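Numbering (the working numbering), first residue to last: 30 to 352.
These notes are about the structure you will find just below.
Given below as C-alpha cells:
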C-alpha cells in the first residue's frame with residue numbers, strides 16, 4: 030500500500046519517477062514469492078515494480094491492485110531491461126495510459142507461465158510493449174480491458190489492446206498463450222498490433238470482444254505483417270469487420286482455425302475428443318495454472334476436468350480456416 034509523491038524540486042533528479050513497491054536501478058536482483066499489492070506510483074511509472082537499466086529475476090510473485098500512469102503492475106523503462114518473469118500473477122492492476130499489468134519499453138523480457146487477469150489501461154490492459162522484443166510463453170490473458178481515455182499523458186495512435194498492445198516495432202514472440210474474455214471498445218480485444226510484427230504460435234483466442242478484430246487487430250503493418258501459426262479462434266465478437274483477425278498477416282501464416290462450437294474438451298487441439306486428450310490431461314493431473322487441461326478453470330487439473338472430457342468423448346470439433 031505504498032504511494033509515491035515526487036516533490037517538484039526532486040523530479041528532475043530522478044531518472045524515471047515511480048516504483049512505489051520497489052524501484053530497481055542498475056540492479057539485477059532475484060525476487061521470489063513476494064506480494065506487491067495496492068502500491069500507487071501516482072504520476073510515476075510502475076506501481077508495483079519499476080526496472081531501470083535492471084534485469085531482475087522474478088518468480089512466483091503476485092502483483093495486485095497496483096496503479097501508475099504506465100505499468101500499473103510493473104514498468105521496464107530501457108532497452109537494457111531484460112527481466113525474467115516466471116509463474117507470476119498480475120491481477121486487478123491499472124494504468125492511466127499504457128500497460129495495466131506490465132509495460133515494456135524496449136528490451137527483451139522473458140515472461141513464462143504468468144497470468145494477466147482483470148487489469149485495465151487505455152492501451153494494453155494486460156501488457157503494453159513499446160519497441161520491445163519480449164518473449165511470452167504459456168501465459169494466460171483473461172478479462173483484461175483496454176479502454177479509451179480522453180486525458181492521456183502520452184498519446185498513442187489508436188487505442189485498444191485488451192489483452193496486449195504492441196507498438197512501434199514491438200516484434201514480440203508469443204507462444205502457447207490463451208487470450209480469453211479481454212475487452213476494448215476499439216481494436217484488438219486479444220492483441221492490438223500497430224506498426225509491429227509479432228510472431229504468434231499455438232495460441233487460443235476465445236470470447237474476446239472489441240470494435241474491430243476481437244482476436245487480433247493489425248494496423249499500419251503492411252510493410253511487415255504479423256505471423257500467426259496454429260492458433261485457434263472461438264466466440265470472439267466485434268461491432269464491425271472480422272471478429273478473429275482483422276488486418277494483414279504474413280503470407281507464411283498457416284494452421285489457424287475458427288472453432289465453431291468452442292468445445293474445450295479438445296485439450297490437445299487435434300479437432301477430436303479422444304484418447305489423446307485423456308493422455309494430455311492425465312499427464313498434468315494435479316497441476317495448477319495449466320492452460321488447456323484445467324477445463325473448468327478452478328486452478329487445478331482434477332476429476333472434474335476428466336469428467337468433462339468423458340462427457341464429450343468420441344466427438345469432433347467443427348472448424349474452418351481462420352480468419
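Glycine included, each C-beta is placed from N, C-alpha and C at the ideal position.
Keep in mind the model is a prediction, meaning the values are calculated, not measured.
**Pairwise C-alpha distance: residue 84 and residue 48** = Position 19 of the chain shown, counting from 1, holds the residue named residue 48. Position 55 of the chain shown, counting from 1, holds the residue named residue 84. Straight-line Cα distance between these residues: approximately 15 Å.
**Message:** Using CA atoms only, rank isn't needed, just tell me which of 269, 154 and 140 is closest to residue 88.
**Reply:** Within the chain shown, numbered from 1, the residue matching residue 88 stands at position 59. The option with the nearest alpha carbon to residue 88 is 140.
**Rounded separation between residue 280 and residue 143 - CA only** = Mapped onto the chain shown, residue 280 falls at position 251. Mapped onto the chain shown, residue 143 falls at position 114. Answer to the nearest angstrom: the Cα atoms are 30 Å apart.
**Opening and closing residue of the alpha helix (DSSP H) in which residue 187 lies** = Mapped onto the chain shown, residue 187 falls at position 158. Segment: none, residue 187 is in no alpha helix (DSSP H) and carries neither H nor E.
**Message:** Just verifying my parser: in three-state terms, what is the DSSP assignment at residue 307?
**Reply:** Here residue 307 refers to the residue found at position 278 of the chain shown. Helix.
**Prompt:** Taking all protein chains shown into account, do 16 or more other C-beta atoms lie within 10 angstroms of the C-beta of residue 59, making it buried, or fewer, making it exposed?
**Reply:** Residue 59 sits at position 30 when you count from the first residue of the chain shown. Exposed.
**N- and C-terminal bounds of the alpha helix (DSSP H) containing residue 340** = The sequence position of residue 340 within the chain shown is 311, counting from 1. From DSSP, the alpha helix (DSSP H) with residue 340 extends over 332-340.
**Asked** Should residue 70 be labelled buried (16 or more other beta-carbon atoms within 10 Å of its own) or exposed?
**Response** In the chain shown, residue 70 corresponds to position 41, counting from 1. Result: buried.
**Prompt:** With 16 other CB atoms within 10 Å as the buried threshold, where does residue 251 fall?
**Reply:** On the chain shown, position 222 is the one that residue 251 refers to. When all chains shown are included, residue 251 counts as exposed.
**Request:** Determine the direct distance from the alpha carbon of residue 331 to that of residue 179, and round the result to whole angstroms.
**Result:** Locating residue 179 in the chain shown gives position 150, where the first residue counts as 1. Locating residue 331 in the chain shown gives position 302, where the first residue counts as 1. Residue placement at residue 179 is flagged as unreliable, the pLDDT there being 48, under the threshold of 50; the coordinate-derived value follows with that caveat. Approximately 46 Å, taken between the alpha carbons.
**Message:** Is the separation between the beta-carbon of residue 213 and that of residue 174 shorter than 8 Å?
**Reply:** In the chain shown, counting from the first residue as 1, residue 213 sits at position 184. In the chain shown, counting from the first residue as 1, residue 174 sits at position 145. Cβ distance < 8 Å, so residue 213 and residue 174 count as in contact.
**Prompt:** Short check: CB of residue 46 to CB of residue 74, under 8 Å?
**Reply:** Taking the chain shown and counting its residues from 1, the one referred to as residue 46 is at position 17. Taking the chain shown and counting its residues from 1, the one referred to as residue 74 is at position 45. Yes, these two residues count as a Cβ contact at 8 Å.
**Item:** Completely contained beta strand (DSSP E) runs for the region 125-174, where each covers 3 or more residues
**Value:** 131-134, 139-141, 144-146, 156-159, 164-166 and 169-171
**Item:** Collapsed DSSP secondary structure at residue 312 in the structure displayed
**Value:** Taking the first residue of the chain shown as 1, we reach residue 312 at position 283. Helix, per DSSP.
**Prompt:** Between the beta-carbon of residue 260 and the beta-carbon of residue 229, is there less than 8 Å?
**Reply:** As a working note, residue 260 is residue 231 in the chain shown. As a working note, residue 229 is residue 200 in the chain shown. Yes, the Cβ-Cβ distance between residue 260 and residue 229 is below 8 Å.
**Distance, residue 238 Cα to residue 334 Cα** = The residue given as residue 334 occupies position 305 in the chain shown. The residue given as residue 238 occupies position 209 in the chain shown. Going by the C-alpha atoms only, they are around 26 Å apart.
**First through last residue of the beta strand (DSSP E) which encompasses residue 241** = On the chain shown, residue 241 is found 212 positions in, with the first residue counted as 1. Segment: none, residue 241 is in no beta strand (DSSP E) and carries neither H nor E.
**Prompt:** Roughly how many angstroms lie between the CA atoms of residue 86 and residue 327, to the nearest whole one?
**Reply:** Counting from 1 along the chain shown, the entry for residue 86 is found at position 57. Counting from 1 along the chain shown, the entry for residue 327 is found at position 298. Whole-angstrom Cα-Cα distance: 28 Å.
**Asked** Straight-line CA distance for residue 127 to residue 153?
**Response** Taking the chain shown and counting its residues from 1, one reaches residue 127 at position 98. Taking the chain shown and counting its residues from 1, one reaches residue 153 at position 124. Each residue's alpha carbon lies about 6 Å from the other.
**Item:** Inter-residue CB distance, residue 129 and residue 148 (contact presumed, cutoff 8 Å)
**Value:** The residue given as residue 129 occupies position 100 in the chain shown. The residue given as residue 148 occupies position 119 in the chain shown. That belief holds up - the Cβ atoms of residue 129 and residue 148 are roughly 3 Å apart, short of 8 Å.
**Asked** Looking at the structure shown, is residue 47 part of a helix, part of a strand, or coil, going by DSSP?
**Response** Position 18 of the chain shown holds residue 47. Looking at residue 47 - three-state DSSP - the assignment turns out to be strand.
**Request:** Using the Cα positions of residue 192 and residue 53, report the straight-line distance between them to the nearest angstrom.
**Result:** One-based indexing of the chain shown puts residue 192 at position 163. One-based indexing of the chain shown puts residue 53 at position 24. Rounded to whole angstroms, residue 192 to residue 53 spans 26 Å at the Cα level.
**Asked** Going by Cα to Cα distance, which pick from 285, 125 and 268 is closest to residue 151?
**Response** As a working note, residue 151 is residue 122 in the chain shown. Ranking 285, 125 and 268 by Cα distance to residue 151 puts 125 first.
**Contact set for residue 34: own chain, Cβ-Cβ below 8 Å, skip 5 residues either direction** = Residue 34 sits at position 5 when you count from the first residue of the chain shown. Model confidence at residue 34 stands at a pLDDT of 43, short of 50, so the residue's coordinates are unreliable; what they give is reported in the following sentence. The answer, listed in chain order, is 71.
**Asked** From this set, 103, 110, 99 and 198, which residue's C-alpha is nearest residue 56's C-alpha?
**Response** Here residue 56 corresponds to residue number 27 of the chain shown, with the count starting at 1. It is 110.
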